[in-house]
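Visitor:
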Amino acid sequence: MKTLNLFVVTWSLASFCALSFTICVIYGLLTPHSLHMHEFLEMVLPAYEWGSFPLFFVGLVESFLYGAYAGLVYVPIYNFFLKKWDPESNHTQYREEKGFRTTAKTEMDRVCGMWIETEAAKGTSFYKDETYYFCTEECKAKFDQNPDYYMVGVEGRKP
Ligand SMILES: [Zn+2]
Numbered sequence: 574m575k576t577l578n579l580f581v582v583t584w585s586l587a588s589f590c591a592l593s594f595t596i597c598v599i600y601g602l603l604t605p606h607s608l609h610m611h612e613f614l615e616m617v618l619p620a621y622e623w624g625s626f627p628l629f630f631v632g633l634v635e636s637f638l639y640g641a642y643a644g645l646v647y648v649p650i651y652n653f654f655l656k657k658w659d660p661e662s663n664h665t666q667y668r669e670e671k672g673f674r675t676t677a678k679t680e681m682d683r684v685c686g687m688w689i690e691t692e693a694a695k696g697t698s699f700y701k702d703e704t705y706y707f708c709t710e711e712c713k714a715k716f717d718q719n720p721d722y723y724m725v726g727v728e729g730r731k732p
């Protein structure tokens with residue numbers, strides 16, 4: 574899940590509201606009085622009055638601002654809960670807190686089970702068409718002595 578872009582959402586919602594308002598007014602002009610929505614529009618848009626052409630623009634600006642308001646308030650709330658509950662973004666946050674560059678590739682050190690950035694690895698070994706990364710020279714040395722032993726996950730390993 575990606576966080577929402579405040580600018581994009583705010584503009585979209587504001588345009589959506591302004592367009593909806595325009596559609597409502599056009600709808601009002603085309604339909605008989607009993608089907609009109611202008612009472613509702615007058616209620617939610619202060620200073621707007623049905624039938625006055627200059628006030629149409631007041632209503633248009635007001636609906637635009639309504640949408641902008643929704644975007645400005647909604648986006649930070651959405652992003653707040655996304656950070657809180659979305660496991661993927663938590664993972665990214667975790668990496669950032671640990672000082673990993675988010676673009677950096679991480680691999681598990683097969684010997685001690687620690688996650689390390691491949692660029693920062695103190696040693697690497699090439700074994701059966703794969704490169705393995707290690708946090709220290711010692712981990713690399715252990716691996717090189719008995720690579721097959723370390724092919725098994727840390728938990729499944731027998732001493
Ligand atoms: Zn290690």
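Oh and the sequence shown: position 73 is 646 in the working numbering, straight run, nothing missing.
Just so it is clear, CB atoms sit at the ideal spot from N, CA and C, and this is done for glycine as well.
Report yes if the CB atom of Glu694 is closer than 9 Å to the CB atom of Cys685, and no otherwise.
Guide: Counting from 1 along the sequence shown, the entry for residue 694 is found at position 121. Counting from 1 along the sequence shown, the entry for residue 685 is found at position 112. Looking at the sequence shown, residue 694 is not Glu but Ala. Cβ atoms of Ala694 and Cys685: not closer than 9 Å.
Visitor: Comparing C-alpha positions only, which one of Val646, Glu710 and Asp721 sits nearest to Phe580?
Guide: Along the sequence shown, read from residue 1 onward, the residue named residue 580 stands at position 7. Nearest Cα to Phe580 within the set Val646, Glu710 and Asp721: Val646.
Visitor: Would a C-beta distance cut-off of 9 Å place Glu635 and Tyr621 closer than the cut-off?
Guide: Numbered from 1 along the sequence shown, position 62 holds the residue referred to as residue 635. Numbered from 1 along the sequence shown, position 48 holds the residue referred to as residue 621. Here Glu635 is near Tyr621, since their CB atoms are less than 9 Å apart.
Visitor: Count the other C-beta atoms from every protein chain shown that fall within 10 angstroms of the C-beta of Ala541, then say buried if there are 16 or more, exposed otherwise.
Guide: With the chain covering 574 to 732 only, the question about residue 541 has no answer from this structure.
Visitor: Answer yes or no: do Phe589 and Leu614 have a C-beta to C-beta separation smaller than 9 Å?
Guide: Here residue 589 refers to the residue found at position 16 of the sequence shown. Here residue 614 refers to the residue found at position 41 of the sequence shown. In this structure, Leu614 does not lie closer than 9 Å to Phe589 by Cβ.
Visitor: Need the endpoints of the beta strand (DSSP E) that Thr697 sits in, please.
Guide: For the purposes of this step, residue 697 is identified with residue 124 of the sequence shown, where counting begins at 1. Where Thr697 is concerned, the enclosing beta strand (DSSP E) stretches over Gly696 to Tyr700.
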